[in-house]
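Number of protein chains: 2
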Amino acid sequence: MTIDICLSPALYSFYDTDPQTTVVIVDIFRASTTICAAMDAGAGAIIPVQSIEEAEAYKAKGLLAGAERNVARCDFADFGNSPYEYTADRVQGKEIAFTTTNGTQALKVAEDAETIIIGAFTNLKVVADYCVRKNQNVMVLCAGWNNKVNLEDTLFGGALTEIFLSNSDFTLASDAGRIALSLWQEAKADIKSYLTNSEHIHRLMAHHLEKDIDFCLNINTSEALPIYDKKTQKLMNYNALS
Amino acid sequence: MTIDICLSPALYSFYDTDPQTTVVIVDIFRASTTICAAMDAGAGAIIPVQSIEEAEAYKAKGLLAGAERNVARCDFADFGNSPYEYTADRVQGKEIAFTTTNGTQALKVAEDAETIIIGAFTNLKVVADYCVRKNQNVMVLCAGWNNKVNLEDTLFGGALTEIFLSNSDFTLASDAGRIALSLWQEAKADIKSYLTNSEHIHRLMAHHLEKDIDFCLNINTSEALPIYDKKTQKLMNYNALS
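See below:
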């Protein structure tokens with residue numbers, strides 16, 4: 000088996016992904032962490048949509064809507080993109096249409112993959128265990144920021160790579176995996192300090208979202224395994240289904 | 000001033016580059032190193048072309064041609080992509096049409112930039128000195144491999160970043176620069192060992208090109224500053240012109 004990392008949605012088409020590949024989409028700050036949090040809180044499904052208009056249409060039909068652009072919650076929406084907003088009393092058993100600056104766009108480019116799951120530091124072990132059990136090639140697809148490479152999603156790729164290389168039959172498929180692993184090994188003793196000067200930490204701090212940053216850097220605090228159901232085009236919690 | 004790094008030609012359009020930006024194109028293994036070597040050997044100009052057919056057309060007109068695809072020299076060509084081939088007795092004062100798998104493609108995406116130069120480990124200091132004197136924003140454009148990110152070009156970006164941050168008014172523009180700098184600081188004590196498992200080292204070793212690898216990892220052995228003349232669409236040696 001191979002583990003590969005694609006550092007931007009705009010590079011996805013240049014990587015060979017065989018049809019059985021499991022694609023792990025990551026948007027650490029904050030979409031993938033927030034999706035896991037919503038599922039831990041009992042959300043029935045997350046319906047990822049590309050545009051604000053689609054999220055508004057779902058809202059008009061009576062669904063809850065989470066919508067964020069450039070860190071801020073969209074006015075019409077019930078939720079923004081903070082994991083703290085998706086509490087059990089608000090989301091338990093509910094379906095939520097969800098659109099964010101980068102996270103939901105990454106899903107679009109990978110939609111032909113057989114299996115798509117959502118990864119975050121919070122559900123790192125859950126994702127790793129699932130991939131090892133599944134025993135297929137893995138591609139980590141970093142959401143990045145407007146197709147630019149970012150540090151935190153790359154670090155997640157390194158963390159997952161380290162787990163695979165340490166205890167199973169996985170090998171690295173490309174240099175991007177080597178890059179991510181190197182960075183993770185340097186960062187892992189103190190991820191938050193390592194990310195101090197990163198672009199998105201600055202954006203979040205400017206919006207006084209330090210507690211979101213801390214939440215998103217927790218490791219293995221979530222039991223959620225969001226998996227994309229291609230028929231219904233919804234993200235479901237695999238660990239709640241099975 | 001800012002220093003930024005674009006890890007793949009396919010990402011270039013997502014980065015803001017103001018019109019005065021100096022773009023440094025890097026393809027360590029081996030196009031950018033070979034261009035520097037040819038200029039150190041006295042080549043009058045390198046004419047970068049996208050396709051094999053264009054290189055053949057120049058050859059038919061009586062020019063020398065360097066052409067490589069997937070590590071190997073193309074049959075019709077006078078030279079492949081090894082820096083050792085471009086010796087003074089063969090290239091002194093000559094113009095050479097030149098096409099390689101990745102290096103010449105990167106030039107295409109950056110062609111709107113005001114200033115385009117070619118960077119390699121061999122001319123690292125020459126490039127850094129030029130950029131500091133010019134005092135404009137710098138974008139390192141990594142040629143990569145078929146638009147995939149590679150380790151050696153990223154490392155060069157980190158090496159250049161380290162110089163700028165240590166002795167001038169440059170700041171990092173994006174996370175890609177942080178990634179490259181981190182990797183460089185880990186690798187610089189022994190670059191070749193660090194690259195042992197990288198993709199392109201494997202390709203070159205499979206073609207018995209270890210001496211090319213060593214050549215391409217020499218630091219500050221070249222006095223060449225290849226600069227792209229947009230009017231003539233040729234690379235000239237700025238340090239020979241001035």
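Just so you know, the protein sequences line up as chains B and P, in that order. The numbers in numbering that gives the first Met the number 0 rise by one with no breaks, and the one at position 209 of the first sequence is 208. The numbers in numbering that gives the first Met the number 0 rise by one with no breaks, and the one at position 160 of the second sequence is 159. All residues carry an ideal CB built from backbone N, CA and C; glycine is no exception. In this text the structure is predicted, and so the values were computed from the model without any measurement.
Chain P within 8 Å of residue i, Cβ atoms only
i	result
D26(B)	no
N13(B)	Asn is not the amino acid found at residue 13(B); the sequence shown has Phe there. Yes, contact with chain P.
S181(B)	yes
D260(B)	Residue 260(B) lies beyond the stretch modelled for chain B, which goes from 0 to 241, so this question has no answer here.
V108(B)	no
N149(B)	yes
A40(B)	no
A175(B)	yes
E198(B)	yes
L216(B)	no
L6(B)	yes
I178(B)	yes
For residue j and residue i, believed in contact at Cβ under 8 Å, the rounded distance
i	j	result
Q91(P)	M0(P)	Not a contact, Cβ separation roughly 37 Å.
A179(B)	I4(B)	5 Å
W144(B)	H199(B)	6 Å
L123(B)	A76(B)	In fact, because the Cβ distance is near 28 Å, the residues do not count as touching under 8 Å.
T32(B)	F214(B)	7 Å
L140(B)	A188(B)	About 26 Å; that fails the 8 Å criterion.
I46(P)	I95(P)	7 Å
K93(P)	A42(P)	6 Å
For residue i: DSSP bridge partner residues
i	result
G65(B)	F78(B), F97(B)
A44(P)	E94(P)
D228(B)	K233(B)
D213(P)	DSSP, once it has assigned bridges, lists no residue as partnering D213(P).
G118(P)	V25(P)
L140(B)	C5(B), I24(B)
L182(B)	According to DSSP, which records beta bridges pairwise, L182(B) is partnered with nothing at all.
T170(B)	T1(B)
K147(B)	W144(B)
Below-8 Å beta-carbon distance, residue i vs any chain B residue
i	result
V22(P)	no
A9(P)	yes
K187(P)	no
T244(P)	As shown, chain P starts at 0 and ends at 241. That puts residue 244(P) outside it, with no answer to give.
N122(P)	no
N146(P)	yes
N136(P)	no
Nearest-angstrom Cα separation, counted from residue j out to residue i
i	j	result
S12(B)	D88(P)	44 Å
Q49(P)	A66(P)	10 Å
F97(P)	A44(P)	10 Å
A36(B)	V22(B)	20 Å
I115(B)	A127(P)	43 Å
I51(P)	A30(P)	15 Å
T86(B)	D26(B)	20 Å
S197(P)	L171(B)	10 Å
G79(P)	L182(B)	35 Å
M138(P)	I24(P)	8 Å
T113(P)	I2(P)	Looking at the sequence itself, residue 113(P) is Glu, so the reference to Thr does not match. Spanning the two alpha carbons is a distance of roughly 16 Å.
D74(B)	T100(B)	15 Å
T121(P)	L154(P)	13 Å
F28(B)	L62(P)	54 Å
L164(P)	S221(P)	23 Å
V175(B)	E151(P)	The question names Val, but residue 175(B) in the sequence shown is Ala. Between A175(B) and E151(P), the C-alpha separation is close to 11 Å.
T20(P)	A40(B)	48 Å
N166(P)	R177(P)	17 Å
D111(B)	I162(B)	26 Å
Y227(B)	L106(B)	9 Å
R72(P)	K210(P)	16 Å
I212(P)	L203(P)	7 Å
V70(B)	Y237(B)	28 Å
I190(P)	L216(P)	7 Å
D15(B)	I34(P)	31 Å
E84(P)	R68(P)	16 Å
T103(B)	C130(P)	39 Å
L194(B)	T231(P)	45 Å
A54(P)	L234(P)	15 Å
Within chain D, partners of residue i - CB distance below 9 Å
i	result
I190(B)	Structure shown: chain D not included; protein chains present are B and P.
Host alpha helix (DSSP H) of residue i (start-end)
i	result
N166(B)	150 to 166
V126(B)	123 to 133
C73(B)	From DSSP, C73(B) is part of no alpha helix (DSSP H); its letter is neither H nor E.
Q104(B)	102 to 108
E198(P)	198 to 205
T32(B)	30 to 39
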